[in-house]
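Some notes on the structure that comes next.
In this note's numbering, the protein residues as written are 2 to 153.
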């Protein structure tokens with residue numbers, strides 16, 4: 002069922018434009034895993050989606066807090082950064098199950114650090130350095146993910 006979208010992103014503006022299109026295609030709860038090296042654009046993509054969905058303030062990286070929540074019209078968005086997670090079991094102590102509900106969008110950077118404790122992804126996004134910019138590969142893993150990726 003895998004549907005894949007690939008695009009070169011020459012600059013941050015291109016990343017934010019794609020993030021806006023991604024946000025516009027979200028109609029139901031989704032779990033998104035983001036993979037890529039430090040600085041590859043994972044947080045920039047999340048910021049673009051969150052702001053496109055109506056958040057007017059800053060969107061900061063949750064590197065030290067593990068999760069940044071955003072309450073928007075009809076949605077609770079959680080942006081996770083598990084880079085500093087020492088043990089996946091720490092997710093249980095922070096009540097990880099409470100973050101995944103029918104009104105939530107969840108963006109998870111470094112999902113491999115939470116293996117065994119996270120729900121399966123609807124979409125995997127891989128960002129990498131490419132020439133002077135970045136390259137993004139968006140892979141749909143469920144029907145929900147397929148609907149989003151096909152709309153891009």
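The beta carbon of each residue, even a glycine, is placed where N, CA and C say it ideally should be.
Terminal residues of the alpha helix (DSSP H) in which residue i lies
| i | result |
| --- | --- |
| residue 13 | 13 to 25 |
| residue 48 | 43 to 53 |
| residue 145 | 144 to 152 |
| residue 92 | 91 to 94 |
Enclosing beta strand (DSSP E) for residue i [first to last residue]
| i | result |
| --- | --- |
| residue 129 | 124 to 131 |
| residue 10 | 4 to 10 |
| residue 139 | 134 to 141 |
| residue 71 | 68 to 73 |
| residue 118 | Premise fails: residue 118 is in no beta strand (DSSP E) and is neither H nor E. |
For residue i, the nearest candidate out of the options (CA to CA)
| i | options | result |
| --- | --- | --- |
| residue 95 | 106, 3, 103 and 81 | 81 |
| residue 62 | 30, 45 and 23 | 45 |
| residue 123 | 143, 23, 134 and 69 | 143 |
| residue 112 | 13, 5 and 37 | 37 |
| residue 33 | 67, 14 and 105 | 105 |
Counted within 10 angstroms of its Cβ, other Cβ atoms place residue i as buried (16 or more) or exposed
| i | result |
| --- | --- |
| residue 43 | buried |
| residue 69 | buried |
| residue 66 | exposed |
Cβ contact (3+ pairs, closer than 8 Å) linking the stretch 122 to 138 and the stretch 51 to 64: no
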